[in-house]
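Note sheet for the following structure.
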Amino acid sequence: MKVLIATDKFKGAMDNFQASSAMRKGVLRACPDAEITTFSLSDGGEGFLELFRRAKELVEIRAETFDPLGRKIEASFLYDNKQQEAVVELASASGLMLLAEEERCCAEANTFGSGILIRKAIESGAKRIILGLGGSASNDAGLGIAKALGVKILSGNGEEIKPCGKNLSKIHKLDFSQVPDSVKKAEILLACDVQNPFTGPEGAVNVYSEQKGANECERERMEYGMKHLLEVFKKEERTDISNLEGAGAAGGCSGGLVALFDAKIVSGAELAVEYSGFVGALGSADLVLTGEGSFDKQSLRGKLVSIVTKVAHRYGVPVAGFFGKIDPDVDPLDVSCPDFCGALGAGPISLKESVERSQELLEARVLEVIKLLKRFV
Numbered sequence: 001m002k003v004l005i006a007t008d009k010f011k012g013a014m015d016n017f018q019a020s021s022a023m024r025k026g027v028l029r030a031c032p033d034a035e036i037t038t039f040s041l042s043d044g045g046e047g048f049l050e051l052f053r054r055a056k057e058l059v060e061i062r063a064e065t066f067d068p069l070g071r072k073i074e075a076s077f078l079y080d081n082k083q084q085e086a087v088v089e090l091a092s093a094s095g096l097m098l099l100a101e102e103e104r105c106c107a108e109a110n111t112f113g114s115g116i117l118i119r120k121a122i123e124s125g126a127k128r129i130i131l132g133l134g135g136s137a138s139n140d141a142g143l144g145i146a147k148a149l150g151v152k153i154l155s156g157n158g159e160e161i162k163p164c165g166k167n168l169s170k171i172h173k174l175d176f177s178q179v180p181d182s183v184k185k186a187e188i189l190l191a192c193d194v195q196n197p198f199t200g201p202e203g204a205v206n207v208y209s210e211q212k213g214a215n216e217c218e219r220e221r222m223e224y225g226m227k228h229l230l231e232v233f234k235k236e237e238r239t240d241i242s243n244l245e246g247a248g249a250a251g252g253c254s255g256g257l258v259a260l261f262d263a264k265i266v267s268g269a270e271l272a273v274e275y276s277g278f279v280g281a282l283g284s285a286d287l288v289l290t291g292e293g294s295f296d297k298q299s300l301r302g303k304l305v306s307i308v309t310k311v312a313h314r315y316g317v318p319v320a321g322f323f324g325k326i327d328p329d330v331d332p333l334d335v336s337c338p339d340f341c342g343a344l345g346a347g348p349i350s351l352k353e354s355v356e357r358s359q360e361l362l363e364a365r366v367l368e369v370i371k372l373l374k375r376f377v
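Numbering (this note's numbering), first residue to last: 1 to 377.
Here's what the structure looks like:
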């Protein structure tokens with residue numbers, strides 16, 4: 001039996017390397033002679049840099065930069081000198097994981113540190129930036145990045161403003177006079193797999209800011225600021241992002257970078273599949289294993305599990321999906337849904353216990369499925 005493992009992380013329980021390892025153990029317990037190939041994939045969030053590090057021979061460049069609250073840290077990006085291409089993970093300098101829970105304050109946080117990494121990548125010779133979005137701590141619409149790249153963010157009286165969520169409504173002008181030509185000419189690809197708009201009930205603020213530490217008053221202020229920023233973009237004849245799918249990713253970072261630098265939003269999952277070699281391995285595969293922490297309708301809308309499933313089905317390879325929990329509203333006949341979907345918990349179990357035993361539970365669930373499939377392969 002030839003098995004491909006291409007799983008996402010199980011948020012709060014396992015990263016994708018731990019999940020892959022548990023799946024591998026389950027397969028081998030049921031079928032010791034199975035041929036297993038594991039692919040490190042990410043949809044643009046945490047783990048994105050590691051995907052490229054494993055898939056391509058890239059140079060890792062470390063640099064001094066700043067965390068979401070402006071404290072000095074070191075972070076890294078990957079650089080391909082031959083292709084003049086750099087890979088930056090937003091979460092490495094601007095991620096929620098860098099802050100303790102009591103420090104989370106997306107109204108104050110920004111993406112300036114990630115902008116420093118992008119600037120250093122361009123100074124190193126990069127003409128193409130692949131920016132993995134996801135796991136951000138801020139809601140600054142990417143203006144922290146813009147400031148690091150030379151954009152002056154000005155109030156009505158011409159004073160520079162700190163780029164952060166609470167200040168968006170104060171912005172009246174964006175001055176590009178000090179932005180280097182190398183930045184203006186650089187191609188920026190934004191790898192993400194959320195389709196939220198910039199504003200509105202499903203927008204960046206209303207969907208994501210609470211988990212980043214925003215209270216109700218701050219959310220109202222930031223939503224007003226995001227709508228105000230759309231008017232600033234319109235006044236300055238920037239790209240219209242008001243109805244752009246995915247513009248709300250990473251606290252509006254994707255929308256801001258599309259408007260200001262003509263960046264392009266691409267599927268992080270599709271990019272991961274392309275670079276990992278997954279497609280080439282499907283020709284001889286009998287089964288694909290995938291999974292994530294929570295499987296719901298959003299999972300079927302271009303997230304990693306759905307992309308893996310659709311690509312595998314093109315080659316006639318069945319897919320088994322394993323999840324921490326499964327939303328009962330998921331349509332099992334959807335073309336993006338794995339052929340088998342199994343939740344990890346068997347019987348009554350607390351959330352705390354399921355997280356603590358997640359690798360053990362995943363291994364056991366995979367074992368059950370492979371044991372059954374062996375009778376038919």
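Note that CB positions come from ideal geometry on N, CA and C, so glycine has one too.
Put simply, the segment 295 to 308 touches the segment 4 to 14. At least three CB pairs are less than 8 Å apart.
Residue pairing by DSSP places Ser254 opposite no residue, since no beta bridge is assigned to it. Between the C-alpha atoms of Lys2 and Ala22 there is a straight-line separation of about 17 Å. Under the three-state reduction of DSSP output, Arg357 falls in the coil class, being neither helix nor strand. Bridge partners of Leu131 according to DSSP: Val88, Leu190. The shortest C-alpha to C-alpha distance from Ser138 to any of Arg119, Lys147, Leu168, Cys106 is the one to Cys106. Residue state for Ala269 is assigned as helix, using DSSP reduced to three classes. Around the CB of Tyr315, fewer than 16 other CB atoms lie within 10 Å, so the residue is classed as exposed.
Under the three-state reduction of DSSP, Glu159 is assigned to coil, being neither helix nor strand. Following the DSSP letters along the chain, one finds Ile171 in no alpha helix (DSSP H), marked with neither H nor E.
In this structure the segment 187 to 195 lies against the segment 254 to 262, because at least three pairs of beta carbons, one per stretch, are closer than 8 Å.
The residues Asn196, Pro197, Phe198, Gly203, Ala204, in chain order, have a CB closer than 6 Å to that of Gly248 in the same chain once the five nearest residues on each side in sequence are set aside.
In the DSSP assignment, Arg62 falls within the beta strand (DSSP E) that extends over 59 to 66.
Nearest C-alpha to Asn16 among Phe295, Leu149, Ala121, Thr290: Thr290.
Counted as a single uninterrupted DSSP element, the alpha helix (DSSP H) harbouring Thr309 occupies residues 304 to 314. Residue burial is scored here from C-beta neighbours: Gln83 has fewer than 16 other C-beta atoms within 10 angstroms and is therefore classed as exposed. Secondary structure of Val288 (DSSP, three-state): strand.
The criterion of a C-beta distance shorter than 8 Å is satisfied by Phe295 and Cys341. In chain order, Ala249 place their CB closer than 6 Å to the CB of Val194, counting only its own chain and leaving out the 5 sequence neighbours on each side.
Judged by DSSP in its simplified three-state form, Lys352 adopts helix. Leu28 is positioned such that its CB atom lies no closer than 8 Å to that of Pro68.
A straight-line Cα-Cα distance of about 23 Å links Ala30 and Ser40. Straight-line spacing of the CA atoms in Ala19 and Ile116 works out to 32 Å. When secondary structure is reduced to three states using DSSP, Asp181 falls in the helix class.
Here Gln359 is buried: its Cβ has 16 or more other Cβ atoms, across all protein chains shown, within 10 Å. One Cα belongs to Gly26, the other to Gly135, and the distance between them is close to 29 Å. The alpha-carbon of Cys192 is positioned some 29 Å away from that of Arg357. For Glu89, the number of other beta carbons within 10 angstroms of its own is at least 16, and it is reported as buried.
The shortest CA-to-CA distance from Phe323 to any of Val335, Gly252, Gly293 is the one to Gly293. According to DSSP, Ile241 shares a beta bridge with no other residue. CA-CA distance, Glu103 to Gly251, rounds to 17 Å.
In this chain, Glu102 is not harboured by any beta strand (DSSP E), its DSSP state being neither H nor E.
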